[in-house]
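Mapping of the sequence shown onto the working numbering: position 183 corresponds to residue 860, and the numbering continues sequentially without gaps.
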Amino acid sequence: MNSRAGTTATNGNAAKVKAELGALGSPEKAAHLSRFFKTGPGGYGEGDRFIGVRVPEQRRVAKRHGDLPLKEIGRLMASPIHEHRLTGLLILVAQFAKSLRDSSRREIVDFYLSRLARVNNWDLVDLSAPKILGEHLARHPEERAMLNAMAESTNPWERRVAVLATWPMIKQGRFDELLVLAEALLTDTHDLIHKAVGWMLREAGKVDPAVLEDFLENHAGAMPRTMLRYAIERLEPARRRYFMGR
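1. For Glu829 and Thr843, which I take to be in contact (beta-carbon distance under 8 Å), what is that distance rounded to the nearest angstrom?
2. Check each candidate in Glu819, Pro833 and Met846 and name the one with the smallest Cα separation from Leu793.
3. Can you tell me whether DSSP reads Ala686 as helix, strand or coil?
4. Can you look up His728 in the DSSP assignment and give me helix, strand or coil?
5. Could you tell me if Ser680 is buried or exposed, where buried requires 16 or more neighbouring beta carbons within 10 angstroms of its beta carbon?
6. Would you say the stretch 742–750 touches the stretch 707–721, given that touching needs at least three Cβ pairs under 8 Å?
7. Among residues of its own chain, excluding the 5 on either side of Pro718, which ones have a beta-carbon nearer than 7 Å to its beta-carbon?
8. Leaving aside the five residues before and after Thr687 along the sequence, list all residues of the same chain whose C-beta is less than 7 Å from its C-beta, in chain order.
9. Out of Ser791, Pro733 and Pro807, which has the shortest C-alpha to C-alpha gap to Lys748?
10. Could you give the distance in angstroms between the alpha-carbon of Met900 and the alpha-carbon of Leu863?
11. Tell me whether Ile758 sits in a helix, a strand or coil according to DSSP, three-state version.
12. Which residues bound the alpha helix (DSSP H) around Asn825?
13. Determine whether the beta carbon atoms of Leu763 and Leu804 lie at a separation below 8 Å.
14. For Ala682, which residues of its own chain have a beta-carbon under 6 Å away from its beta-carbon, when the five flanking residues on both sides are left out?
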C-alpha cells in the first residue's frame, strides 16, 4: 500500500466485499440482529437492515480487502445493509492503524467525518470512533474543539462519536475533553448517550480513580440513572450505594 491511504491499485471492490458477505449471511441471524439493534418502528436503529453476518466473519472479509480504495469503502458505507457499512469501517480502521504518514491518516479522518451520517448505530460508532477520530485527536490537541460542536448535534450517533473519541485521550491520562462533554451531556435524553458517557467515565476511573470520584461528587445527583450506573460499575459496593443515594 502506498503512502496515500486507500489509493493503492487493487483487485478488490465494494461489489466483491458485498458478495462475500452475502455468502456468509444467515436469515435467522439477521432476524436476531434486527431485534437486538432495535430496527423496528420507533427503535434507535429503525430501518437498518441486516443480512446476518457475525462480526468475526466480517473482520476476516475486511482483512482480505485491506487495500480497498476509499472510493470503494464509501460505496460500502452508503449501503443500507448494516454489515456492509461495518465491514467498510473495519477496513478503514485497519488502514488508519497502518498509515505511517500524518497526511494519510488525515485523509482517512476527513473521509470518516464526511460520512458520519452512515456511522448510524452504536456498534458502528464504538468500533470506529476511538480508533480513527480518537487516535487522530490524541495526536492533534489543537483540533479537539470539534468534539464540543459534535456533542451539540441533534444526531445522537454524532454525539456518541464525540464521547467515544475521548477514549485514547483517557488512556493517555488526559480527561479534560471527556469531563467537558460529560457535563454538557448530563441533560441528554438518549439512553445510548447516557451509556456512552458513563462508560467513558468508568474508563477514566480506571486510569485515575480521583477523576471519577470528583466528577461523581459534583454531578451524581444530576446524572441520568443509566449514566450513573455505568460510571460506578467498578467501584466498591459501599461507594456505589453512596453515589446511587445522591
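We put the CB at the ideal spot given by N, CA and C, even for glycine.
Quick look at the numbers:
1. Contact doesn't hold; Cβ gap of about 16 Å is too wide.
2. Pro833
3. Confidence at Ala686 is low in this model, with a pLDDT of 36, below 50, so its placement is unreliable and no value can be given for it.
4. Note on identity: in this sequence residue 728 is Ile, with His being the wrong assignment. Residue state, collapsed to three classes: coil.
5. Unreliable placement is indicated for Ser680, whose pLDDT of 36 sits below 50; the coordinate value is still reported in the next sentence. With fewer than 16 Cβ atoms within 10 Å of its Cβ, Ser680 is classed as exposed.
6. no
7. none
8. Confidence at Thr687 is low in this model, with a pLDDT of 42, below 50, so the placement of that residue is unreliable and no value is reported for it.
9. Ser791
10. 6 Å
11. strand
12. Met823 to Ala828
13. yes
14. Its pLDDT being 43, under 50, Ala682 is placed unreliably by the model, and the measurement read from it follows with that caveat. Excluding sequence neighbours, Ala682 sits near Gln772, Ser776, Ser781, Glu784 and Ile785.
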